[in-house]
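Below is one structure, written out as structure tokens, with a few remarks after it.
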Amino acid sequence: MSGPTDEVAFEYMVLSRHHYLSPADARPQGSRLDRSAYILLSRIRMQGPMSIGELSDAFGLDASTLNRQTAAMTRAGLVERIPDPAGGLARKFRSTEEGDRRLDEDRAAHAHALDLVMADWPAEDVRTFAAFLRRFNSGIERLDGRPWPRP
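The sequence shown begins at 1 in full-length UniProt numbering and counts up one residue at a time.
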């Protein structure tokens, strides 16, 4: 490795192999949502009800992919279709009470898994890591043109 970004690239590759933290493959104990539901529910919670078009713009995915994902989430009782609260023509998806409950449970499971990984870290190191991770994600979002809403 020849430079700091090479080190980041290597550690990012190593991080991506850890199934322990990945909602895509093996989820932490207590996590029940699949990756797409976890991410879509998180976005809908942050932004409010969203149409297929808005979800497509937010994620850079085609409508057919999102139609499949939201249909599965609707069947599971995680989201429901509602008229546009602003009076627009497109129907929107909002999280149900069940969707909110399961998202909260999964977030708690992921936070617990990270608590175990960083159990011997000082709180200030965890905050610093979170700040750097947010900065890293924000850089990706800037290049991609799809910022993620944050609290």
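Even glycine gets a Cβ: it sits at the ideal position worked out from N, Cα and C.
Taking 9 Å as the threshold (beta carbon to beta carbon), is residue i in contact with chain B?
{"i": "Arg101", "result": "The structure shown contains no chain B; it is built from a single protein chain."}
Classify residue i: buried if its beta carbon has 16 or more other beta carbons within 10 angstroms, exposed otherwise.
{"i": "Met50", "result": "buried"}
{"i": "Gln47", "result": "exposed"}
{"i": "Arg89", "result": "It is Leu, not Arg, that sits at residue 89 in the sequence shown. Answer is exposed; the Cβ neighbour count stays below 16."}
{"i": "Leu15", "result": "exposed"}
{"i": "Pro70", "result": "According to the sequence shown, residue 70 is Thr rather than Pro. Its Cβ being crowded by 16 or more others within 10 Å, Thr70 is buried."}
{"i": "Asp106", "result": "buried"}
Assign residue i to one of three DSSP states: helix, strand, or coil.
{"i": "Met46", "result": "helix"}
{"i": "Arg91", "result": "coil"}
{"i": "Arg81", "result": "strand"}
{"i": "Asp120", "result": "coil"}
{"i": "Asp125", "result": "helix"}
{"i": "Leu133", "result": "helix"}
{"i": "Gly3", "result": "coil"}
{"i": "Leu33", "result": "coil"}
{"i": "residue 184", "result": "Within the shown structure, residues of the chain are numbered from 1 to 151, placing residue 184 beyond reach of any answer."}
{"i": "Leu61", "result": "coil"}
{"i": "Pro56", "result": "According to the sequence displayed, residue 56 carries Ser and not Pro. Here Ser56 sits in helix by DSSP."}
{"i": "Arg146", "result": "coil"}
Would you tell me roughly how many angstroms separate the C-alpha atoms of residue i and residue j, rounded to the nearest one?
{"i": "Leu103", "j": "Glu80", "result": "15 Å"}
{"i": "Gly99", "j": "Asp115", "result": "24 Å"}
{"i": "Ser95", "j": "Ser2", "result": "47 Å"}
{"i": "Trp148", "j": "Gly139", "result": "11 Å"}
{"i": "Thr5", "j": "Leu133", "result": "14 Å"}
{"i": "Pro122", "j": "His112", "result": "16 Å"}
{"i": "Met73", "j": "Ala63", "result": "15 Å"}
{"i": "Leu40", "j": "Asp57", "result": "13 Å"}
Using only alpha-carbon positions, find the residue among the options that is nearest to residue i.
{"i": "Asp84", "options": "Gly53, Pro147, Thr65, Ala63", "result": "Gly53"}
{"i": "Tyr38", "options": "Ala123, Ala109, Glu141", "result": "Ala109"}
{"i": "Ala9", "options": "Phe136, Glu141, Asp144", "result": "Phe136"}
{"i": "residue 208", "options": "Arg150, Ser36, Glu97, His112", "result": "Because the chain is modelled from 1 through 151, residue 208 falls outside the range shown and cannot be assessed."}
{"i": "Arg43", "options": "Leu55, Gly88, Asp120", "result": "Leu55"}
{"i": "Asp144", "options": "Glu7, Arg17, Leu61, Asp120", "result": "Leu61"}
{"i": "Arg101", "options": "Lys92, Leu33, Asp120, Ala119", "result": "Leu33"}
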